[in-house]
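Chains W and H supply the protein sequences, listed in that same order.
Take the position in the first sequence, starting the count at 1, then add 568; the result is the number in our numbering.
Take the position in the second sequence, starting the count at 1, then add 568; the result is the number in our numbering.
Protein chains: 2
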Amino acid sequence: MNKKRSECPLSCSLDIFGDKWSLLIIRDLMFENKCTYNDFLKSQEGIATNILASRLKELEENGVIEKSAHPDSKAKNLYRLTSKGIDLLPILIEVYIWSDKYFTIPADVKEVIQEAKKDKEKFENQIRSKLTTLLEMQKASQI
Amino acid sequence: MNKKRSECPLSCSLDIFGDKWSLLIIRDLMFENKCTYNDFLKSQEGIATNILASRLKELEENGVIEKSAHPDSKAKNLYRLTSKGIDLLPILIEVYIWSDKYFTIPADVKEVIQEAKKDKEKFENQIRSKLTTLLEMQKASQI
DNA sequence: AATATTCACTTGCATTTTGAAAGTTGTTTG
DNA sequence: CAAACAACTTTCAAAATGCAAGTGAATATT
């Protein structure tokens, strides 16, 4: 697979999500309630189908997301963040906070960031518990 | 230059530092007291000279770093984080904390991460004040 | 003063990764 | 059964990357 460039944990992390697309998929899973191939495809940034497929594969191989059968259709798969993926939340929150300081941000997003800034821990726990619930529901339905 | 893929602040952020190298340069400036072209070149990961040159240029264009004359040698340049660059610190800290949970980490790095985890704010302020001092020293010497 | 070395790039070129469009396979819907 | 949808895969052009070599200015050495 991808060989490590160094033992530096930052470098190892970037080997997993250091590109223009992976964290956008994570974002969709975390905040946008997206969970299928097509959901991700429809995102504003316009990811190409091959890139999406390869990123989903890599993220799964790295244990950040998990694929399972979709309950509604045998054609679909359901993608979910694993706990390793959910743990990326604090990183994303800090990126949003940084963005808020240096970019002009759409009003609706701005609101959410304000909330996150006001009480970081509370915000994190809200999202985290939503995601954990989803993950557990999926686990349970697999039996 | 690079046109935005969307108005999403995460996407805009990744347009700036969403690659395998930029954050490693930021790391070197933040934690390794590196500040010249050659310092960055010598890092473990082995960045190519053309990539380093192009990343330094992009980071400068995006206001994340600043270039100035080196006091010791007219041949050298001195690269420093701007306040916009220094503000990336919380993001890097969260990446390190995530890494600590999911990777095997060299003992010396591990120690520093422990310290950051124990009192995130204190750790952040320490680094931040070191970097701000450096930046101000540089500003002063330019007069 | 001549030569060598350092520094920050730049150029050229081969390799790798990327991305858009079209094609494939299986599933479901009408 | 035909059409539409889901998740890919293939193809191929373009962009990014990586290595080697070269450039020109500034220091250091002889």
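By construction, the Cβ of each residue, glycine as well, lies at the ideal position given by its N, Cα and C atoms.
Among the residues of chain H, none has a CB under 9 angstroms from the CB of Gly653 (chain W); the nearest is roughly 10 angstroms distant. By alpha-carbon distance to Leu703 (chain W), the top candidate from W:Ala621, W:Asp668, W:Lys635 and W:Phe671 is W:Lys635. Taking a Cβ-Cβ cut-off of 8 angstroms, Tyr605 (chain H) has no neighbours in chain W, whose nearest Cβ is about 19 angstroms from it. Interface annotation for the region 659-677 of chain H against chain W: Ile659, Leu660, Ile661, Glu662, Val663, Tyr664, Ile665, Trp666, Ser667, Asp668, Lys669, Tyr670, Phe671, Thr672, Ile673, Pro674 and Val677, criterion Cβ-Cβ distance under 9 angstroms. Residues of chain H with a Cβ closer than 9 angstroms to the Cβ of Lys588 (chain W) are, in chain order, Arg573, Ser579, Leu582, Asp583, Gly586 and Asp587. Within the region 625-659 of chain H, contact with chain W at the beta-carbon level (separation under 7 angstroms) is assigned to Lys652, Asp655, Leu656, Pro658 and Ile659. At a cut-off of 7 angstroms, the C-beta of Gln612 (chain H) has a neighbouring C-beta in chain W.
The residue from H:Glu683, H:Glu679 and H:Met705 with its alpha-carbon nearest to that of Leu649 (chain H) is H:Met705.
In the three-state reduction of the DSSP assignment, Glu613 (chain H) falls in the coil class, being assigned neither a helical nor a strand state.
Remark: fewer than three beta-carbon pairs, one from each stretch, lie closer than 8 angstroms, so the region 655-672 of chain W and the region 611-630 of chain W are not flagged as touching.
Shown here for Lys685 (chain H): same chain residues with a beta carbon closer than 7 angstroms to its own, the five before and five after excluded, namely Ile665 in chain order. Sixteen is the threshold: when 16 or more other Cβ atoms of the shown chains lie within 10 Å of the Cβ of Ile594 (chain W), as they do, the residue is buried.
Nearest to Met598 (chain H) by C-alpha distance, out of H:Ser574, H:Pro658 and H:Lys610, is H:Pro658. C-alpha of Asp587 (chain W) to C-alpha of Ile584 (chain H): approximately 11 angstroms in a straight line. Counting along the chain, Leu591 (chain W) sits inside the alpha helix (DSSP H) bounded by residues Ser590 to Phe599.
DSSP, read as helix, strand or coil, puts Arg573 (chain H) in coil. Relative to Tyr670 (chain H), the option among W:Arg696, W:Lys572 and W:Asn630 whose CA is nearest is W:Asn630. Secondary structure at Lys678 (chain W): helix, using DSSP grouped into helix, strand and coil. Per the coordinates, the alpha-carbon of Ile695 (chain H) lies some 51 angstroms from the alpha-carbon of Ala643 (chain W).
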